[in-house]
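Below: one structure, written as structure tokens.
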Amino acid sequence: MARWLGGDERAFAALHRRYVKLVTRIAGAGVRDREDARCLVQQTFLRVHRCRDSFQLGRPLRPWLVTIARNTRRDYLRRARHHRELPLTWEVANEEPGCALERSQTVTRVRTALARLSPNQRSVLAARWY
Numbered sequence: 550m551a552r553w554l555g556g557d558e559r560a561f562a563a564l565h566r567r568y569v570k571l572v573t574r575i576a577g578a579g580v581r582d583r584e585d586a587r588c589l590v591q592q593t594f595l596r597v598h599r600c601r602d603s604f605q606l607g608r609p610l611r612p613w614l615v616t617i618a619r620n621t622r623r624d625y626l627r628r629a630r631h632h633r634e635l636p637l638t639w640e641v642a643n644e645e646p647g648c649a650l651e652r653s654q655t656v657t658r659v660r661t662a663l664a665r666l667s668p669n670q671r672s673v674l675a676a677r678w679y
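Residue numbering for the sequence shown is 550 to 679, as defined by my numbering.
Here it is as structure tokens:
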């Protein structure tokens, strides 16, 4: 960590190699989707990179890193709990009359707007939403 803070960028790669398995175990605990766990590992190391100046030299690195990994996972789990998706059958069964027509009109407007975009712009939106 001292080498990395001193400007040695290769030291971060060494730090990553040393702790990626530990961070992966922490990220995967309680996370059902493996892809989400992989993203949490990346987010953890991104936070480590962004917060590196807050690390106090002379203190142990592992507890600092573990805290960041656990907080990253906790934030993910908190967001996931608040953004649960409802099954489609529930939405359709409890839909107000007229809502289907409104939804159909909205879908038509969105498709028309998407058709006006360049292929590159559409691919950016598709990557973001799908």
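Beta carbons: idealized from backbone N, C-alpha and C, even for Gly.
Specify the secondary structure class of residue i as computed by DSSP and reduced to three states.
| i | result |
| --- | --- |
| F561 | helix |
| R587 | helix |
| L606 | coil |
| V572 | helix |
| G556 | coil |
| R581 | coil |
| L674 | helix |
| L595 | helix |
| S667 | coil |
Residue i and residue j: beta carbons closer than 9 Å?
| i | j | result |
| --- | --- | --- |
| V597 | I617 | yes |
| I575 | R630 | no |
| F604 | H565 | no |
Taking the C-alpha atoms as reference points, what is the distance between residue i and residue j?
| i | j | result |
| --- | --- | --- |
| L626 | R599 | 21 Å |
| L666 | S672 | 10 Å |
| A563 | R628 | 31 Å |
| L571 | R608 | 19 Å |
| Y568 | W613 | 12 Å |
| A560 | V580 | 29 Å |
| D602 | E558 | 14 Å |
| R677 | R583 | 19 Å |
| G555 | D585 | 32 Å |
| L663 | T655 | 12 Å |
| R658 | V615 | 47 Å |
| S653 | L606 | 59 Å |
| R660 | D624 | 34 Å |
Can we count residue i as close to the ligand SAH, meaning its CB is less than 8 Å from some heavy atom?
| i | result |
| --- | --- |
| S672 | You won't find the ligand SAH in this model; it holds no ligand whatsoever. |
Quick one: what's got a C-beta closer than 6 Å to residue i's C-beta in the same chain, skipping five residues either side?
| i | result |
| --- | --- |
| L610 | M550 |
| Q592 | T621 |
| L674 | none |
Given residue i, which residues of its chain have a CB within under 7 Å of its CB, disregarding the five upstream and five downstream residues?
| i | result |
| --- | --- |
| R552 | A560 |
| R619 | I575 |
| G577 | A586 |
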